[in-house]
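Just below is one structure, and these are the notes that go with it.
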Amino acid sequence: MKFAAIKPNELAIVKNEKLISVGELLPKGSTMIDLIAAYDGLKGRLDNVAAQSGGKTLDHKLLKPPVENPSKIWAAAGNYKRGTTGLDDARGRGTAAKTSPEELLENIFLKPPSAIAGPEDNILIPKNADSIFPELELCVVIGKRARRISKTQAFDAIFGYTIMLDVTARGYGLSKNMSGTRNVRKGFETFAPIGPWITTKDEIADPHNLWMKLWINGELKQSAKTDAMINDIATQISFLSEVTTLLPGDLLTTGNPDSPEFQEKLKPGDVLKAEIEGIGAMSLGVAREQ
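In the working numbering, the protein residues as written are 158 to 447.
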C-alpha cells in the first residue's frame, strides 16, 4: 500500500493514479506519524478503503512531504561500494571507500526535521552558499518503537520506504573539516526533500534490489542499485537502535551512490526528477533563498 499526505491536512491511499482518503479511520487532524503508529490495528479497514472505487485524480501538486515532523532524520555517509565511472554500473561512481563498514556506521549523522520539503517544492539555495548538490537516496520509514534490536529484528521495525535527496551545501563556511560540518552543510531549510509517498514494506520484496535514478533538466545524472550498499538496512537500524530509541515516523536515509565529483551542482531554475523502483517518482525545483 502507498500512503500520501495531501494539502492542507489529509491522508490518502495512492492506488491506480487516484488518491483515496482514509476518511474517518483516524481522528481529525491526524498526521502520517499517527497513521504509522496505528497501522497494525487499522490495516484491515485500510484494505477495505483501498478496495473502494473513486477518489481524487492523483495530482503531485497536492502532495505534502509524507512525514513532516519526524523526531529525527539519520543519514548514512559513504555507504556505497562505488569504484566505477559509468552511469550503467550499479555500484555508484567514484573511488571505492577505504573506510571500514564499522567506521561508516559511526559516520552516520543527523539532519534536522526542519530541512524537510515535499514533492514539487523548491530546493532553496541559501544566502552565502552556491555549491549545492543533491544526493539521491532510499529512505527507510520507521514503524515501531525500537531500542537495542538485533539485525534479525530490524525489518520488524520498518513501516515502509520513500525517496530522499540528501542535499548539501558543499562549499559553505570556513571549516575544512568536511565530516565535522555535515550537520550544518546538510541542515539548511529544504535540504531533505522526501516523497512522493510512503510505500509499505510488504510491497517491496527486496529493498536491496532497487534501481535509483536522478534526472536534472531531463538528463540522467545518477543511476545505481541499492544492492551496492556497504552497510545494509538491517545493520544500520540495529546500530542506530543502540544509540537512541527509534520512533514511528523516524527516517533513515541510507546513502548516496556517487562521490562528490560525479554529482551535479544545482542552480536556480533547475528541475529535478528523483525515482526509485517500486516507490515512485517526484519532481523538485531549485530557487535562490530570498
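Ideal Cβ placement from N, Cα and C applies to all residues, glycine included.
All of these numbers come straight from a predicted model, not from anything done at the bench.
Check whether residue i and residue j have beta carbons under 8 Å apart
{"i": "K268", "j": "A349", "result": "yes"}
{"i": "I387", "j": "K238", "result": "yes"}
{"i": "K358", "j": "F316", "result": "yes"}
{"i": "L408", "j": "I265", "result": "no"}
{"i": "T383", "j": "K159", "result": "no"}
{"i": "V224", "j": "G406", "result": "yes"}
{"i": "I369", "j": "P425", "result": "Note on residue identity: the sequence assigns Met, not Ile, to residue 369. No, the pair does not count as a contact, with Cβ atoms beyond the cut-off."}
{"i": "A286", "j": "G328", "result": "yes"}
{"i": "V443", "j": "I282", "result": "yes"}
{"i": "I433", "j": "T347", "result": "no"}
{"i": "G249", "j": "A385", "result": "yes"}
{"i": "K221", "j": "I163", "result": "yes"}
{"i": "A207", "j": "K172", "result": "yes"}
{"i": "M321", "j": "E360", "result": "no"}
{"i": "D191", "j": "L182", "result": "no"}
{"i": "P165", "j": "N226", "result": "no"}
Whole-angstrom distance between residue j and residue i, CA atom to CA atom
{"i": "G352", "j": "A431", "result": "9 Å"}
{"i": "L244", "j": "R202", "result": "43 Å"}
{"i": "G180", "j": "L168", "result": "8 Å"}
{"i": "Q209", "j": "L403", "result": "34 Å"}
{"i": "V428", "j": "G300", "result": "32 Å"}
{"i": "A326", "j": "H365", "result": "28 Å"}
{"i": "D204", "j": "T411", "result": "29 Å"}
{"i": "Y318", "j": "K200", "result": "17 Å"}
{"i": "L371", "j": "G186", "result": "34 Å"}
{"i": "A247", "j": "T392", "result": "21 Å"}
{"i": "S395", "j": "G198", "result": "25 Å"}
{"i": "I170", "j": "D363", "result": "22 Å"}
{"i": "K129", "j": "R302", "result": "Past the edges of the chain, shown from 158 to 447, lies residue 129, and the structure says nothing about it."}
{"i": "E260", "j": "E292", "result": "21 Å"}
{"i": "L219", "j": "K284", "result": "29 Å"}
{"i": "T401", "j": "R304", "result": "7 Å"}
{"i": "S288", "j": "S228", "result": "28 Å"}
{"i": "I193", "j": "L377", "result": "33 Å"}
{"i": "H217", "j": "T338", "result": "34 Å"}
{"i": "E263", "j": "K213", "result": "44 Å"}
Opening and closing residue of the alpha helix (DSSP H) in which residue i lies
{"i": "Y196", "result": "M189 to A207"}
{"i": "N340", "result": "R339 to R342"}
{"i": "A391", "result": "I390 to V400"}
Residue range of the unbroken beta strand (DSSP E) whose run includes residue i
{"i": "R445", "result": "G437 to R445"}
{"i": "F312", "result": "Element bounds for F312: n/a, residue is neither H nor E."}
{"i": "G324", "result": "A quick correction: the sequence has Val, not Gly, at residue 324. Careful: V324 lies outside any beta strand (DSSP E) and carries neither H nor E."}
{"i": "L281", "result": "N279 to I282"}
{"i": "G352", "result": "A349 to T357"}
{"i": "S178", "result": "K175 to S178"}
{"i": "F160", "result": "K159 to I163"}
{"i": "E167", "result": "E167 to K172"}
{"i": "M369", "result": "W368 to I373"}
{"i": "T411", "result": "Taken as a continuous stretch (DSSP letters only), T411 belongs to no beta strand (DSSP E), as it is neither H nor E."}
{"i": "Q379", "result": "E376 to K382"}
Among the options, the one whose alpha carbon lies nearest that of residue i
{"i": "N106", "options": "I320, G435, R445 and S416", "result": "Examination of residue 106 is not possible in this model, given that the chain is present from 158 through 447 alone."}
{"i": "E174", "options": "G211, N366 and G198", "result": "G211"}
{"i": "G435", "options": "C296, E376 and N340", "result": "C296"}
{"i": "E277", "options": "W354, K172 and T392", "result": "W354"}
{"i": "A233", "options": "N340, T309 and Y196", "result": "N340"}
{"i": "N374", "options": "L423, L261, A194 and L176", "result": "L423"}
{"i": "Y419", "options": "I177, I230 and T242", "result": "This sequence places Phe at residue 419; Tyr is not what is there. Among I177, I230 and T242, the Cα nearest to that of F419 belongs to T242."}
{"i": "V324", "options": "R342, M189, L183 and H217", "result": "R342"}
{"i": "P258", "options": "Q447, I390 and S440", "result": "I390"}
{"i": "G240", "options": "I230, W231 and T252", "result": "T252"}
{"i": "L215", "options": "Q447, E421, M439 and E446", "result": "M439"}
{"i": "L450", "options": "D313, A274 and L377", "result": "The first residue shown for the chain is 158 and the last is 447, placing residue 450 beyond what the model contains."}
{"i": "Q379", "options": "E421, A311 and W231", "result": "E421"}
{"i": "E399", "options": "A311, L367 and N166", "result": "A311"}
{"i": "G344", "options": "W231, M189 and A314", "result": "W231"}
Residue i beta carbon near the ligand FAD (any heavy atom closer than 7 Å)
{"i": "D415", "result": "Questions concerning the ligand FAD fall outside what the structure shown contains, since it holds no ligand whatsoever."}
Suppose only complete runs of 4+ residues qualify. What are the alpha helix (DSSP H) ranges in the region 208-271, listed by chain order?
Listed in chain order, they are 258-263.
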